[in-house]
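This report refers to the structure that appears directly beneath it.
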Amino acid sequence: MPFELTPEDLPRILPAWMVQHGAHLAEQGVARITQRYEMGGVTSFEGRVGRWTVFIDVGERNGVSIDCDECGSDGCVHAAAILHLIAHGATSGAALPKPAAAPIEPWRRLLEKALDAEEEPAEVALLVGLERTRTGEWAHIRPAIKGSRGTWIRTGIGWHDLEAAGSETVARRALGEIASMHDQARPASRWGYYDRAPQWIRLDELPSRALWNVLLELREAGVQLVADTKAQQEVALRAEPATHYLQLAHHDEALHVQPVIDLDAPQAQILPIGRPVAAMAIADDERVRELVPLREPLAEAFTRLMQGEPFTVPDGAVADFEREYLPKLRRIAPLRSDGSYEIPAPPRPTLVLTLAQADNRATLSWRFDYPDASGIRTPSEERGIADAVEQAAGEHAGLLGARVGTTFGAAMLTKDETVEFRAMVLPALRAVDGLRVDETDELPEYRFAADPPVVHVSTQPNGNDWFDLEVSVEVGGEAVPFGMLLTALVARDRYVVLPSGTVFALNTTQFDPLRELLDEARALQDRPTGPLRISRWQADLWEEIVGIGLVQAQANDWLERMRGLTETEQLAPVDLPPGFRAELRDYQRTGLAWLDFLRRNRLGGILADDMGLGKTVQVLAALARAQAESPGERYLVVAPTSVVSNWVSEARRFAPELPAVAIEETSGKRGSTLATQIEGAALVVTSYALFRLDFDEYQAAGFQVLVLDEAQQIKNHRAQTHRCARLLEVPSKFAITGTPLENNLLELWALVSLTAPGLLGGERTFTDQYRKPIERERSAERLHRLRRRLKPFMLRRTKEQVAGDLPEKTEQLLEVELHPAHKHAYALRLQHERQKVLGLLDDVDSNRMEILRSLTTLRMLALDPELVGDGHAPSAKLEKLGELLDEIVGDGHSVLVFSQFTQFLGRAAAVAEKRGIPFAYLDGSVSMSARRAMIDRFTSGEVPVFFISLKAGGFGLNLTQADYCILLDPWWNPAAEAQATDRAHRIGQTRPVVVYRLISRGTIEAKVVAMQEKKSRLFRDVLAGDDPSAIGALDATDFRGLIE
């Protein structure tokens, strides 16, 4: 529980009279807190009340323990004083602030003024004495009182008496403050507080600024400062502060340097007051005559020079003196000359601004350079330059970085701030005397366009394709291409910077109609199946744009074309490339048009069609079309190792005009460079591992398009492969995947950051703008905005949308009852794992792997006890599998059997072997050559059963030979199950497909199936739906539901 002791708590801790007395001591400044610290839920305080030390511990529910080194632990007024400070919020090293004086009523003021003459003068004085020893001399002070003969005497009062008297007058309180200052200024001293202080307090041991204020307060209170002599002469307090400097004079072939304090007391002895020295005592042989404040405190080095003799520098050494020592002397005091010596001008520092820029974002760093290497700085000069820089920046000074002393902290500017800094601030800074700008990059000077921009929207006269639309901004004869403008508008940039450095603003009302038009073009329209038409509102918007004279274009032509902008199905089809040997279905032709548009506009995107809908053939058609338009171009496909050869064979089959080559070894292993290997090839296919290992060679190859197949494999944006894909310099990048996200939105962002960088911002921006609002706050509005942003750059068609091109798929859930021994083993292990997991749910993020390990143990046990060493009970699933295989194979069908656990997959294969059913088997341990042989055996009809592990064959295989699928165990990720069954249910399948999902009744498997629905909604909601409630990683509630 946090510490919350209040004044109302004190009467329950100590008696009321004790609390009241303690409050009086605290309010009089006698008590103070010296330390505070916390440990194990207890807040401990150490305080001082006079000479006594008090320790107080405040625990939970404000329980209090007390220990006073005078009174013990029973409670006392000393403890009450410290408790009063604690309850009123005083901090370590502090006492209570003095309460503001109540306003004096008019009648009281009149009486006090009338009776003022009757008041007794102050009953205390301050003696100021001199002490001389062999080690030095100094001024010191002590309190005194009036003796019977009218003189001030030392006996009868000391610093401790001021505490005992309660400091009831202004004079005594002020004197008490001097004692308190002495105690605080010497924390390591053996002296205590007040009554253990020395009789005399040295003035050179007190904080000078505070001391002088107290001395002025004493004078206002009528306290006399008198010399500690027989005559007790008054010691004056001078009002006008004195100045100090170093006097330089040249005579007798030498430079004479002397520290000077302008006290107007040439024959007097001067003694320092305060730490640091901020006042001087003027004395003669007998007494201290006057105390004088200094305008500025003395540097310690100046004080040491004062204690020595004036020194001289021979003429032959003056140059060395000026170079080595004069800069240091400037720092400790002003320099003055009597005219015989010309003081060299101080070295003027140069403020250096280092300006770097990457990804259109500037980084500013600042430092001061000096012409010499002495290391001596001149803060006043630095401050003047920094002030001039701020003044030059004007209202944009916030872009410079935080002001830190005489310079500025480093600053990283946003893209828009970079434009403003370069265009509005940097030109003014270049004119600041004492500032140098160092740029790490050669960039043109940014300048705002003198003339307002003119937006042109036009179309090519010989086409109906939206992609022939040309939108540009012309500024002073310089045009901005459509791609640059589109990216800036989508990203909501405030400015566009042309290669020449010309800047124009997008955050003006002039661009609002165009921005709204593009927004509407990207918006997802939830409509029934059938032809989709442009809305009336969009047509009115275009007419408004034309009507206000913003653009010049063929309005009617554009109104026809914008139907393709809002719905990809409305895009005019493009011709298949010459020699392409495949007939594309209607949706595939739409995909070809979409890919072709993005490529021709140097953009990228995500082709996210359902598994089995022919994404590969769409990409090959788009690349072959690009090759026909621009012979000599080269394209790169990066894919999982297992499908590299499939890409090459498909290219040779469908696009013979697109020469293809597979890279299956590193340059070092094959003994030749990549350039040699790909000579004459237009399509290069390699694996993710080889792409990463030989990245520099791929970078140098000059590809025009990068295709990332099964792109969900590089969803980890911190992995090296993802970094290589991001850094590869190509005009267009496409991600090909049926599952652009599986677990969370960051996976989707990782792919978008490759294919449409900047569309969704950086990771932090995406997390703040989309991931947190959607996954944590379930914001439907942000989900809708995300889908709207993604639509132009992600194309996805589901099997339901193209159902006419595929045979029916029937899914059936088969529940299997465990054998009694198996059920008993499962129940025992469930109790153990449940108790373990429930204890880990308080910190899911830290314990996620351990939780998943326990759940995986239960999943394996639901299959077969022997997988986890829990007995030898028979597996009901294997028995059910045998029945299904007998029926399916007996009827002349072929079947794919999947499991996530290779150990169980092997036991399943043994079931087929025992029945004499021929089969193929594929898991991660099978070599590439053996893998191809297994696939050929099944696709040729040699064997009717194919056992496949999830990781080894869940993607990249075309197994339409099968018309049955058996899933032996449910998987966390429903997309992985869909990928597996889509090996059979895909383009090319002519028979209905039946999918059996085997579930062990009464086990975690049934709850995993329910959990799959949540993840399925994640996929559907982001790509098509409106409900964000299922989005996000599994949380404590999900895990608890799996084991309870």
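Each residue of the sequence shown is one higher than the one before, counting from 482 in this note's numbering.
Built from N, CA and C at the ideal position, the CB exists for glycine as well.
Pairing asparagine 1439 with glycine 1469 gives a Cβ-Cβ distance under 8 Å.
Under the DSSP assignment, tyrosine 1307 falls in the alpha helix (DSSP H) whose first and last residues are 1301-1319. Scanning Leu1344, Glu1368 and Glu1364 for the CA closest to the CA of tryptophan 1452 turns up Leu1344. The shortest C-alpha to C-alpha distance from aspartate 1372 to any of Pro1455, Pro740 and Asp1444 is the one to Asp1444. Here threonine 831 really is in contact with phenylalanine 849; their C-beta atoms are around 7 Å apart, less than 8 Å. Our two residues, arginine 864 and glutamine 739, have alpha carbons roughly 28 Å apart in a direct line. Contact between glycine 1086 and alanine 1237 holds: CB atoms are separated by about 7 Å, below the 8 Å threshold.
The Cβ atoms of leucine 1164 and alanine 1182 lie no closer than 8 Å to each other.
The beta-bridge partner set that DSSP reports for proline 740 consists of Leu727. A direct Cα-to-Cα measurement between glutamine 1316 and arginine 973 gives close to 51 Å. According to the DSSP secondary-structure assignment, glycine 610 is paired through a beta bridge with His621. For the region 808-881, the full-length alpha helix (DSSP H) segments reaching 4 residues or more read 860-874 along the chain.
Comparing alpha-carbon positions, the option among Glu1331, Ala655 and Leu687 lying closest to valine 704 turns out to be Ala655. For methionine 761, the uninterrupted beta strand (DSSP E) run begins and ends at 760-764, by DSSP. Comparing C-alpha distances from valine 1166 to each of Thr1154, Arg1257, Val1125 and Ala1206 shows the shortest one belongs to Val1125. In this structure, DSSP gives methionine 1275 an extended state, which the three-state scheme calls strand. With a 10 Å radius around the Cβ and a threshold of 16 neighbouring Cβ atoms, tyrosine 1179 comes out buried. A straight line joining the alpha-carbon of arginine 653 with that of valine 545 spans about 34 Å. Within the same chain, Val523, Ser525 and Ser546 come within 6 Å of aspartate 538 by CB-CB distance, once the 5 residues on both sides are set aside. With contacts defined as CB atoms closer than 8 Å, isoleucine 1485 and arginine 1266 fail to qualify as a contacting pair. When the Cα atoms are used, isoleucine 659 and leucine 699 turn out to be separated by approximately 11 Å. In the three-state DSSP reduction, threonine 968 falls in the helix class (H, G or I).
About 7 Å separates the Cβ atoms of leucine 1276 and alanine 1089, confirming a contact at the 8 Å cut-off. Short of 7 Å from the beta carbon of aspartate 1367, and not among the five residues preceding or following it, lie these beta carbons of its own chain, in chain order: Arg1396.
Across the set His502, Glu489, Leu729 and Gly755, the C-alpha of Gly755 shows the shortest separation from the C-alpha of histidine 621.
Looking at the backbone, the Cα of leucine 1321 and that of histidine 1313 are separated by about 13 Å. Rounded to the nearest whole angstrom, the C-alpha separation of valine 1283 and glutamate 1114 is 33 Å. Between the alpha carbons of leucine 495 and leucine 881 lies a gap of roughly 57 Å. Between threonine 990 and the set Ala1401, Pro934 and Ala960, the nearest pair of CA atoms involves Pro934.
Following the DSSP letters along the chain, one finds arginine 770 inside the beta strand (DSSP E) bounded by residues 769-774. The alpha-carbon of lysine 1432 is positioned some 53 Å away from that of glutamate 519. Apart from the 5 residues on each side of it in sequence, alanine 1105 sits with its Cβ closer than 7 Å to the Cβ of Pro1058, Phe1061, Ala1136, Glu1138 and Leu1139 in its chain, given in chain order.
Here the alpha carbons of proline 624 and leucine 607 stand approximately 5 Å from one another. Under DSSP, aspartate 1190 shares a beta bridge with Ile1217. In the three-state reduction of the DSSP assignment, leucine 1164 falls in the strand class.
Contact fails between the region 1254-1266 and the region 1194-1212, because fewer than three Cβ pairs, one in each stretch, are under 8 Å apart.
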